[in-house]
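Step one of this worksheet: look at the structure below.
Number of protein chains: 4
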Amino acid sequence: MSGRPQRADARRNRERILEAAFEAFAADGRLVPLDDIARRAGVGAGTVYRHFPTKEALFQAVVTERIERIVDEAEALVHAEEPGEAFYGYLMWVVERAMFNHALCDALAADLGTLDARGTDERFTLALGELLRRAQAVGAVRPDVDVQDVRSLMVGAMVMERRRRPEGGPGRMTALACDALRLVTKDDETGPRERNERGCAVCGKPLAAAPTGRPARFCGPACRQKAHRRRKTA
Amino acid sequence: MSGRPQRADARRNRERILEAAFEAFAADGRLVPLDDIARRAGVGAGTVYRHFPTKEALFQAVVTERIERIVDEAEALVHAEEPGEAFYGYLMWVVERAMFNHALCDALAADLGTLDARGTDERFTLALGELLRRAQAVGAVRPDVDVQDVRSLMVGAMVMERRRRPEGGPGRMTALACDALRLVTKDDETGPRERNERGCAVCGKPLAAAPTGRPARFCGPACRQKAHRRRKTA
Amino acid sequence: MSGRPQRADARRNRERILEAAFEAFAADGRLVPLDDIARRAGVGAGTVYRHFPTKEALFQAVVTERIERIVDEAEALVHAEEPGEAFYGYLMWVVERAMFNHALCDALAADLGTLDARGTDERFTLALGELLRRAQAVGAVRPDVDVQDVRSLMVGAMVMERRRRPEGGPGRMTALACDALRLVTKDDETGPRERNERGCAVCGKPLAAAPTGRPARFCGPACRQKAHRRRKTA
Amino acid sequence: MSGRPQRADARRNRERILEAAFEAFAADGRLVPLDDIARRAGVGAGTVYRHFPTKEALFQAVVTERIERIVDEAEALVHAEEPGEAFYGYLMWVVERAMFNHALCDALAADLGTLDARGTDERFTLALGELLRRAQAVGAVRPDVDVQDVRSLMVGAMVMERRRRPEGGPGRMTALACDALRLVTKDDETGPRERNERGCAVCGKPLAAAPTGRPARFCGPACRQKAHRRRKTA
DNA sequence: CATGAATGAGCTTTCATTCAT
DNA sequence: GATGAATGAAAGCTCATTCAT
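Read top to bottom, the protein sequences are chains L, G, D and V.
Just so you know, we're using full-length UniProt numbering here: the first sequence kicks off at 1 and counts up by one.
Just so you know, we're using full-length UniProt numbering here: the second sequence kicks off at 1 and counts up by one.
Just so you know, we're using full-length UniProt numbering here: the third sequence kicks off at 1 and counts up by one.
Just so you know, we're using full-length UniProt numbering here: the fourth sequence kicks off at 1 and counts up by one.
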């Protein structure tokens, strides 16, 4: 059913439609009229519907194809020698690819809802999770983030990049976001902790669950007070 | 253009339209039909057009009004006692406000392009910049970020929050993003630097501009090699 | 919600749409394109949709209005002096109205499914049932038919009329169908019974239920044989 | 046009198309998409067009073939021993066949307009007419109906059956319709005549033509009055 | 001024028919 | 001959905008 068409012209048309759709969706997201895509591909609107039952299906197809390459890359990096480099490098690479692609951006944000894409979504989460775990194992990434945090961060980074001023240079915002993931090294722990790493910011003891509102930063009033004094004297 | 209507009922209608539009745009973004807004406001579609020449103009008006309050808050915080708390608290507050507001999110991302909003945008940048500077002055924020970085980060944080899983708790992603801004404390500087703070990660010397591709992390091959060895032995 | 529009032009347009739709549906049934109706009414397609949310809704509106008049007539006849004449006359009148009206024909056949029309359908069944009961009471209609039989018969009669040759004259087929309903008079009962009146065709005793296949005509083998002989000798 | 294809596979395809089309048309009438038929037949749409120039032509072919079998049956019954049984039984049989066959129903109603089918239509009328005449000859059918009446009645019966409630049992409406055709027996003629048998209901003299409105039942005011009195005293 | 009816282009989708393979 | 891909003209429906009332 999802097999590629057999006839040469059909295959050619399918490719051209995908290409045109990719460009159009990248530029304007789902908003672009399907007729425009058909015209760009040099076919009738009906032909588009022969290949893809729905505009949404076309969108998913375009995006899935793109994401598959992204997932492939993740899987290829799973056995990289330097897990930290691999992880951060991969994030940067993904963001670069999606940065100006409205469609891809949306799709990565949306958890790839379609049936067709579900497998891809799982593969993505799996491979990215593995990259993350390995990077955490070597201390390149703080241990309190999980794969969903990373996925969200990727989306955020794309959006940030899209908004960046020309003088910022590409990747500036992503690099910044990556910093949020870095483990503060050994020596830091002797100094004051201020990062939201899910331990008391003063004594490091585990925090009580705070199911609602702003997450707690201190294990109790004593530490909060201590931090307060420290800040005052800083 | 900026003249407000004179008659009492006209002014009342204008308010009701803005209110209805705010709710509608917040929920569904620009997609919501104008007729729905008019109906919610209890007026005819024509009345909406008497007050706002275009649907887009209405959108901008709604959003500008909201952002003005956000800017007000920033200005109010400029003289807060604790610049660090003020800065991070403000970020969190903004994100919380915008998190589930489709319209606000879009608008903050878009640099407030309209003529009407330009003043607001400037005020925003000014006040936020002041908050940032003061936080940097007390060492609460790393010195290599500027106000545009922060604005982008806000947008990214909103998007991340919107994607968060229910179990993540509100603010989780924003807190994470804030960590990217925190200054690593004195003691850290003796340890290995891994953050993208715009100096060589080994020797701290300024980096050559890397207009494209992944930003450089080392000032040259020597430092890169040094870092490599260090990692090996870790 | 189903209130008529207040403005004069809207009311006028609504009327024109209903009129145009009536003609169009009468001629071609539901098949007629809505744009044609709009054009005939001298309005845009959008205007049609302002008055009727759906093509089907328009169809129902047209047809319901027509059927209401038909029901009104039935209710008016309930107290007629001559129940037999009233009943048969009414059938004929209904068929004449619907004969060349594709839409009405379909609608009467279909049990008026819409919520809007449900009340009308009930009223119709009630009034027609009353006409029938009174006609049966005076012996003008055989007692073994019920109101649903009559409704079906009406539909059948319309279809038959529609197919009639020009030389048949209007009402010919309906008159024929009506004959199926007439009670065979007193004297007949002494003669051989051949009609499907739900008693043994020979002795008149009640028939065993025949839940499937062709309904039984005789109470048992004996009578069947008797009838067979009789026919032979006829 | 009537030349059958020569090659074995072509002939086989033709058969499969007809079969698939029969099923599809029976279920949904002309509405079914041609592609569906082609798929059901296991051929391409183009192949359908090789055999039938038009969708409508296919429809006609399907229906004609079916009707031919119906006509065959009629011709086979022409020499049945019991003309009455043969006639009524045949009607029932036809209705049963067509009852849930949308296509057949439509076709029987429409006088088989195509050139191809014209011969079939004539044969049908001829055979049915013969059945009718013989049934009339033995007094099983009233003499004032002709073959076109019967054809119409068949169509009407189908429609009625289609509308019947489940509890009515199959054939109920057809049986009712057949009653309209039965001759009221000798003895009846002494009693009051109420059936529309094309003579004055009182004196039996021929009726004046009534081209419009309800057909006359009496030859003149005198007889009408007489009937009225009779009814009063009944 | 306010209203909401009217407009009409535009959207997605379907399908009979043609035609390259 | 057979295939099924391509076509393109509808269809039903939506909605930003205009304008008669």
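A virtual CB, placed ideally from N, CA and C, is assigned to each residue, including glycine.
Being a predicted model, the structure only gives us computed values, none of them experimental.
{"query": "Where G:R11 falls, given that 16 or more other Cβ within 10 Å makes a residue buried", "result": "exposed"}
{"query": "Interface residues of chain G facing L:A8 [CB-CB closer than 9 Å]", "result": "Near L:A8 there are no residues of chain G at all, since even the closest Cβ is about 39 Å away, more than 9 Å."}
{"query": "C-alpha distance - D:A80 paired with V:L31, whole-angstrom precision", "result": "45 Å"}
{"query": "Proximity of D:H102 and D:G46 at Cβ, strictly below 7 Å", "result": "no"}
{"query": "Residue range of the unbroken alpha helix (DSSP H) whose run includes D:A140", "result": "Note, D:A140: premise wrong, no alpha helix (DSSP H); not H, not E."}
{"query": "Residue-chain proximity (L:R11, chain G), Cβ-Cβ < 7 Å", "result": "no"}
{"query": "Length at least 4, wholly inside the UniProt domain \"HTH tetR-type\" (11 to 70) of chain L: the alpha helix (DSSP H) runs in chain order", "result": "34 to 41, 45 to 51"}
{"query": "Through-space distance from L:I37 to D:L108, alpha-carbon basis", "result": "46 Å"}
{"query": "L:V159 and G:V155 closer than 7 Å at C-beta", "result": "yes"}
{"query": "Rounded separation between G:M173 and G:R123 - CA only", "result": "27 Å"}
{"query": "V:D35 classed as buried or exposed, judged by whether at least 16 other C-beta atoms fall within 10 angstroms", "result": "exposed"}
{"query": "Interface partners of V:R164 on chain D, CB under 9 Å", "result": "Q148, D149, S152"}
{"query": "Any chain V beta carbon closer than 7 Å to D:D179", "result": "yes"}
{"query": "DSSP-derived helix/strand/coil call for L:A74", "result": "helix"}
{"query": "Buried versus exposed call for V:E189 [16 or more other C-beta atoms within 10 Å across all chains shown]", "result": "For V:E189, the predicted structure reports a pLDDT of 39, less than 50, and the residue's modelled location is therefore unreliable. The matter cannot be settled from this model."}
{"query": "Nearest-angstrom Cα separation, counted from G:R163 out to G:A26", "result": "16 Å"}
{"query": "7 Å Cβ cutoff, L:M173 in contact with chain G", "result": "yes"}
{"query": "Cβ shell of L:F87 (< 7 Å), same chain only, five flanking positions each side left out", "result": "L131, L132, A135, A140, V141"}
{"query": "CB contact flag (V:E82, V:A127, <7 Å)", "result": "no"}
{"query": "Interface residues of chain D facing V:M160 [CB-CB closer than 8 Å]", "result": "S152, L153, V155, G156"}
{"query": "Listed by chain order, chain L residues near G:V63 by CB distance under 8 Å", "result": "Correct list: empty, because the minimum Cβ distance to chain L is about 16 Å."}
{"query": "Minimum Cβ-Cβ distance from V:L176 to chain D less than 7 Å", "result": "yes"}
{"query": "Among L:A110, L:V138, L:T125, the one whose alpha carbon lies nearest that of L:D146", "result": "L:T125"}
{"query": "Span separating the alpha-carbon of G:Q148 from that of D:V48", "result": "51 Å"}
{"query": "Alpha carbon of L:F100 to alpha carbon of G:A157, nearest angstrom", "result": "18 Å"}
{"query": "Contacting residues, own chain, Cβ-Cβ under 7 Å from G:A98 (five flanking each side not counted)", "result": "L104, C105, L108, M158"}
{"query": "Within 7 Å, strictly: CB atoms of L:A24 and G:A180", "result": "no"}
{"query": "Residue-level contact to chain L via CB, G:A74, 7 Å cutoff", "result": "no"}
{"query": "Contact set between G:V145 and chain L, taken where Cβ atoms lie within less than 8 Å", "result": "L176"}
{"query": "Within 7 Å, strictly: CB atoms of L:V63 and L:A21", "result": "no"}
{"query": "Per-residue DSSP class, three states only, for G:L181", "result": "coil"}
{"query": "Residue-chain proximity (D:A107, chain V), Cβ-Cβ < 7 Å", "result": "no"}
{"query": "Contact belief for G:A57 with G:R16 at Cβ below 8 Å, rounded distance in angstroms", "result": "The Cβ separation is near 17 Å, so there is no contact."}
{"query": "G:A177 vs G:L153 beta-carbon contact at 7 Å", "result": "yes"}
{"query": "Local Cβ density within 10 Å of V:R151, reported as buried at 16 or more and exposed below that", "result": "buried"}
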